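These notes are about the structure you will find just below.
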Amino acid sequence: MKKFLELCGFEPAEIDAELPRIQKVFDMFGINQEDIERGKDRINKFWDPELKGLAKIRGLARRELVDTILAREENKINVCASLPSATTDILNAASFHSDNVRATYPDVLVLMVMGYLFDKLDPILEAAEEHFLRPGAAQCSLLQVRLGLNVLGLYPKCDLLMSMGSLCDALPKCDEALGLYFNIPVHYINCCQDRGADWEDLYRSKDFYTNEIKKAQKKVSEVVGFEVDNDKVNEARRIRRDAAIYANNIFDLVVNSDPVPMSAACLQYIRIFRAMPVGRKTQDGLNEANKLLFEEIQERVNRGVGVVEKGAPRILYAPLVSLADPSITNMIEELGIAIPLSEDSILVPDGELRPQMDERGRGEDPWEKVAYALIQRSIEASVPMRIRAITGAVKRYHLDGVLNLFHYSCRYFAGDPLILKDAVEKATGVPVMVLEGDMYDPRFYTAEQLRTRVEAFGEMLRAAKVAHK
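Throughout, this note's numbering is defined as the position within the sequence shown, counted from one, plus 3.
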């Protein structure tokens, strides 16, 4: 166990202090010595153990999971949410202000630790399938993780569950059932589902979304017992600023470098932490870890070190790489295909990494700016806007192709892949492959099964790259 924690960036004094709490939570999840050895092997294979900043980020995920699970016993106020969320600033403001408040995404933390590192999601998913999210019905695997944790008694005592209705209808419906079965108070955050096909249509839903976020702010204040006002929110943003700046700098380095200096699986950890509310201690550690990691990646770029060779085909992965199984992206990179960018990082209208802030969108209310930035995310946009964003990113960052995941169990993403493939190929001339898979369930689509198709895609990319010279 101590060697495993060292690979997760823990110092000897931290190991001695935190090992009992970590062991307690690992025992709750059934993590044994065989799992620890598997975790060490997966870190060495998928997680670039040379990067000290990344090791610290792995450790922070473990610490955050432990603090979240044990909050049940420590009588903390637990406010839970999940992806996608418009409430990160609100939840951070509450947790940073009071040590008695825990606010995070428990199911996502479990994916990051039990899935990515230990490959130990099967019991959780199977528990959900024995309850109301049955197998063989293309149920959302992220929701199955959330349900399975509740069925097994592993979901933290939840004083409020923030349910996002901005992406699909399955999520709030499932959360309503969780509230009924497990006596969890649920607050719903809705969004205009008629997203529109043009940039001007964004303004139509901005005001509605802004009001929904404000209602969430008021509800969280009621639950935690103090006002989560805009001053506390702005202070939370200030505390998070360093981690966000260095994360963005890392993304810029990766997308603009050849060879790509960091694997897509490692990048996903940074993306998720950027979006997720955490405790104050974790946030302070994340600020330091992201700074260190940026310096390490900058040094790699200076030396010309990459996860694939220089000149390899570079693709955009849509909508986002797996949160449960790093072996698939590792297989793609082993086949000589670089993944410097995924769709969850780009924005409408033309694939930039930073939101546009014109006068109408900025507004006088700080929450208008938040809502305006959120509705620019490509993965939450209409199909025409997604096409424009992906096409723009391919052209802007000189990418050689697109891999579009057919996430068959997702009500939101399953309908678009063939439309996107046809439109993006016509607009850019680069190859686009639709690949079946699941972003949160590693049981049915493995790297070995998908390898032959990706090999053929790699040959297409290389041939197209030569033809375009």
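C-beta atoms are modelled at their ideal positions from N, C-alpha and C, and glycine is treated no differently.
Given the structure is predicted, the values throughout are model-derived calculations rather than measurements.
By the CB criterion at 9 Å, L421 and Y320 fall outside the cutoff. V148 and S348 have their C-alpha atoms some 24 Å from each other.
When the five nearest sequence neighbours on each side are left out, the beta carbons in the same chain lying within less than 7 Å of the beta carbon of R465 are those of P316, in order along the chain.
Cβ contact annotation for I393 (same chain, cutoff 8 Å, sequence separation greater than five): L319, A321, E346, I349, G354, S381, V405, L423, V427, in chain order. Out of I39, I93, T91, the CA that lies nearest to the CA of F121 is found in I39.
For the stretch 177-245, the continuous alpha helix (DSSP H) assignments of 4+ residues that do not extend past its boundaries occur at 205-227, in sequence order. For E129, the uninterrupted alpha helix (DSSP H) run begins and ends at 125-132, by DSSP.
Here T449 is not bridged, per DSSP, to any residue. In the assembly as shown, T455 is an exposed residue. Its beta-carbon has fewer than 16 other beta-carbons within 10 Å.
The beta carbon of S260 sits closer than 6 Å to those of V304, all from its chain and outside the five residues before and after it, given in chain order.
Under DSSP, I80 takes part in a beta bridge, and its partners are V104.
9 Å or more divides the Cβ of G282 from the Cβ of E21. For I318, the uninterrupted beta strand (DSSP E) run begins and ends at 317-321, by DSSP. Annotation note: the stretch 299-370 contains the following uninterrupted alpha helix (DSSP H) runs of length 4 or greater, listed N- to C-terminal: 330-337, 362-365. Under DSSP, the beta-bridge partners assigned to G404 are I318. The beta carbons of S166 and Y191 sit about 5 Å from each other, so the pair counts as a contact at 8 Å.
For D419, the CB contacts under 6 Å within the same chain, skipping 5 residues up- and downstream, are V386 in chain order. In the same chain as N95, and ignoring 5 residues on each side of it, the C-beta atoms closer than 6 Å to its own belong to A239, P280, in chain order. Here G33 is exposed: its Cβ has fewer than 16 other Cβ atoms, across all protein chains shown, within 10 Å. Sequence-distant partners of A250 (beyond 5 residues in either direction) whose C-beta falls short of 6 Å from its own C-beta, in its chain, are I273, R277, N293. In terms of Cβ geometry, R105 and P159 form a close pair [threshold 9 Å]. Restricting attention to D328, V111, E337, D162, the CA atom closest to the CA of E225 is found in D162.
When C-beta atoms of the stretch 327-347 are compared with those of the stretch 108-127, three or more pairs fall below 8 Å, so the two segments count as touching. When secondary structure is reduced to three states using DSSP, G62 falls in the helix class. In terms of CA proximity to Q286, D92 leads the group E76, L356, D210, D92.
Bridge partners of G440 according to DSSP: H410. Where S144 is concerned, the enclosing alpha helix (DSSP H) starts and stops at 144-154.
Cα atoms of P126 and L155: separation of roughly 9 Å, rounded to the nearest angstrom. Here R75 carries a coil assignment [DSSP, helix/strand/coil]. In the DSSP assignment, M265 falls outside any beta strand (DSSP E) and carries neither an H nor an E. Looking at the DSSP output, L163 shares a beta bridge with V82. Residue pairing for R380: DSSP places it in a beta bridge opposite L350.
Just so you know, the alpha carbons of R75 and P434 end up roughly 50 Å apart. Remark: three or more beta-carbon pairs, one from each stretch, lie closer than 8 Å, so the stretch 176-196 and the stretch 214-221 are flagged as touching.
Each of A141, V111, F211 was checked against the Cα of Y415, and the nearest Cα belongs to A141. Nearest neighbour of L63 by Cα position, chosen from T90, D102, I18, turns out to be I18.
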